[in-house]
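Be aware that the sequence shown starts at 1, since it is given in full-length UniProt numbering, and climbs by one per residue.
In this text, a Cβ means the ideal position worked out from N, Cα and C, and glycines have one as well.
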Amino acid sequence: MDPLRAKYSSIMLFMFLAGVGVCSLFMVAIEYLAGAVWSTPLRRVFEILASTVLFLPLFALPILPFMQDLYLWTHETDEILARKAAYLNQPFFLIRLALILGIWILFYKLYSSRSLKQDTTGDQQMTHKNVKMSALFIPVFGISITALAIDFLMSLEPHWFSTMFGVNFFAGSLVAALGVLTIAVILLNENGYLIKGIIGDHYYSLGFGMFAGCVFWTYTAFSQGMLIWYANLPEETPWFLHRWEGSWKVITIALILVHFIGPLFGLIQRKNKRNPHRMLFMAAWVIFAHMLDLYWIVVPVFQPKGPTLALTEFGFIAIAVGFLIVLVTQQAKKKNLVAIGDPKLQRGLAFRL
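Quick look at the structure:
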């Protein structure tokens with residue numbers, strides 16, 4: 001096994017799980033803040049997947065000892081990097097990482113503890129507290145997920161920058177999180193583990209979220225590329241040129257097809273979003289699309305001549321999928337899979353389009 005492959009695959013694994021975990025928490029916050037009812041019967045599954053954030057320090061550990069091998073800014077200096085040194089330095093990097101993960105874990109603990117307490121007490125104050133907390137979490141989430149994307153992904157090529165990078169990573173992560181949530185909800189519901197009353201209309205809402213997320217990702221990706229192409233600045237264009245040369249051009253075109261064209265036609269029809277089997281397929285599709293996006297961002301830095309697949313890349317997929325399966329199954333044994341104390345539950349079960 002190539003040690004360098006294992007190192008950069010660790011970045012892809014960490015960022016995939018970080019995106020899925022914190023975007024699941026984002027979905028919880030959005031439900032509270034918007035007063036949504038369709039997702040209330042599903043929210044406990046969202047909370048279970050949000051518990052991924054508890055394990056992110058563990059997945060970050062394999063990266064930290066090898067930062068010298070992965071990040072140019074840790075050991076190279078030139079005029080551009082010197083101007084960025086106040087931000088791109090290892091002590092501040094570690095402080096930011098600890099702060100971001102600590103904040104995410106704290107918010108998860110507060111959301112989860114109040115939601116579980118409400119199961120036994122029925123206290124509506126728990127809902128009111130989570131609504132107020134969501135107003136704080138949303139801007140914190142936006143800043144923190146952007147910072148994490150800049151630190152672990154954009155700084156792999158530290159001479160390059162894009163103001164659209166953070167929102168593009170958020171869009172891709174949100175789609176992947178919705179894909180994982182969809183698979184978990186459908187499999188649990190179709191096997192009788194969730195409450196009766198979850199129907200095709202709930203699946204439709206998840207499918208609409210994936211569809212909208214893919215369109216949003218395409219908008220941010222196109223905007224980023226168009227602005228860099230139009231400006232044609234020497235410090236910006238090389239990042240895209242590397243991914244438009246040689247066999248990387250094939251991956252770039254494939255990414256457009258997989259992340260936009262496929263979901264566009266697969267999810268645009270109403271009947272597809274209500275069909276559990278088609279939804280499972282499309283959910284797996286968008287998860288793969290996000291993994292391909294991460295591959296397209298990370299691997300050209302280390303394989304500039306073109307992509308070559310090895311077991312480590314498949315290992316990244318296997319570990320991510322295996323971890324999420326174990327997480328859901330183990331958490332499902334310990335918690336109610338439905339927020340039975342939430343005052344919106346019955347309205348959520350009665351939800352119809």
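Query	Result
Name the two residues that bound the continuous alpha helix (DSSP H) containing Phe-46.	43 to 50
Tell me which residue opens and which closes the alpha helix (DSSP H) that Leu-136 is part of.	125 to 152
Does DSSP classify Val-180 as helix, strand or coil?	helix
Taking a contact to mean a Cβ-Cβ separation below 7 Å, would you say Val-175 touches Met-210 in this structure?	yes
Output the distance between the C-alpha atoms of Ile-138 and Ser-144, rounded to the nearest integer angstrom.	10 Å
If you drop the 5 nearest sequence neighbours on each side, which residues of the same chain put their C-beta closer than 8 Å to that of Thr-252?	Arg-243, Trp-244, Trp-296
List the whole-angstrom C-beta distance separating Ala-177 from Phe-165, where the pair is believed to meet the contact cut-off of C-beta under 8 Å.	About 18 Å separates the two Cβ atoms, so there is no contact after all.
What's the gap between the Cα of Trp-229 and the Cα of Thr-237?	7 Å
Identify the continuous alpha helix (DSSP H) that holds Asp-78 and give its terminal residues.	First-last for Asp-78: undefined, no H or E at that position.
I'd like to know if the stretch 96 to 107 and the stretch 48 to 59 are in contact, where contact means that at least 3 CB-CB pairs between them fall below 8 Å.	yes
For the pair the stretch 194 to 203 and the stretch 271 to 285, tell me if three or more CB-CB distances fall below 8 Å.	yes
Helix, strand or coil for Ala-350? Go by DSSP, reduced to three states.	coil
Identify whether Met-67 lies in helix, strand or coil by the three-state DSSP scheme.	helix
From Asp-123 to Gly-341, what does the alpha carbon distance come to, in whole angstroms?	8 Å
Mapping the DSSP letters down to three states, classify Trp-160 as helix, strand or coil.	coil
What separation, rounded to the nearest whole angstrom, lies between the Cα atoms of Ile-30 and Thr-40?	11 Å
Skipping 5 residues on each side, what residues in its chain have a beta carbon closer than 7 Å to that of Leu-294?	Met-12, Met-15, Phe-16
Exposed or buried, which one is Met-226 when buried takes at least 16 other CB atoms within 10 Å?	exposed
Using beta-carbon positions only, say whether Lys-344 and Val-45 come within less than 7 Å of one another.	no
With H, G and I counted as helix, E and B as strand and the rest as coil, what does DSSP make of Ser-173?	helix
For the alpha helix (DSSP H) containing Phe-240, list its first residue and its last residue.	237 to 242
Helix, strand or coil: how does DSSP classify Ser-247 here?	coil
Under three-state DSSP, which class holds Asn-168?	helix
Whole angstroms is fine: what's the gap from His-316's alpha carbon to Asp-78's?	For the record, residue 316 in the displayed sequence is Phe; it is not His. Rounded to whole angstroms, Phe-316 to Asp-78 spans 33 Å at the Cα level.
So within the stretch 284 to 342, which uninterrupted alpha helix (DSSP H) runs reach at least 4 residues, ignoring any that extend past its ends?	311 to 334
One question on the structure: do Ile-48 and Gln-330 come within less than 7 Å of each other, judged by their Cβ atoms?	no
So, helix, strand or coil for Gly-122, using DSSP?	coil
Is the beta carbon of Leu-337 sitting closer than 7 Å to the one on Leu-194?	yes
Output yes or no for whether 7 Å exceeds the beta carbon distance between Val-286 and Pro-263.	yes
To the nearest angstrom, how far is it from the Cα of His-75 to the Cα of Ala-171?	32 Å
Put Val-28 into one of helix, strand or coil per three-state DSSP.	helix
Using CA coordinates, which residue listed in Phe-240, Trp-239, Phe-260, Val-185 is at the minimum distance from Gly-213?	Phe-260
Short of 7 Å in beta carbon distance, which residues of its chain neighbour Lys-305, apart from the five on each side in sequence? Order them along the chain.	Gly-246
In whole angstroms, give me the CA-to-CA distance for Asn-89 and Leu-58.	22 Å
Just confirm the distance between the C-beta atoms of Leu-292 and Ala-254, as a whole number of angstroms; I'd bet it's less than 8 Å.	7 Å
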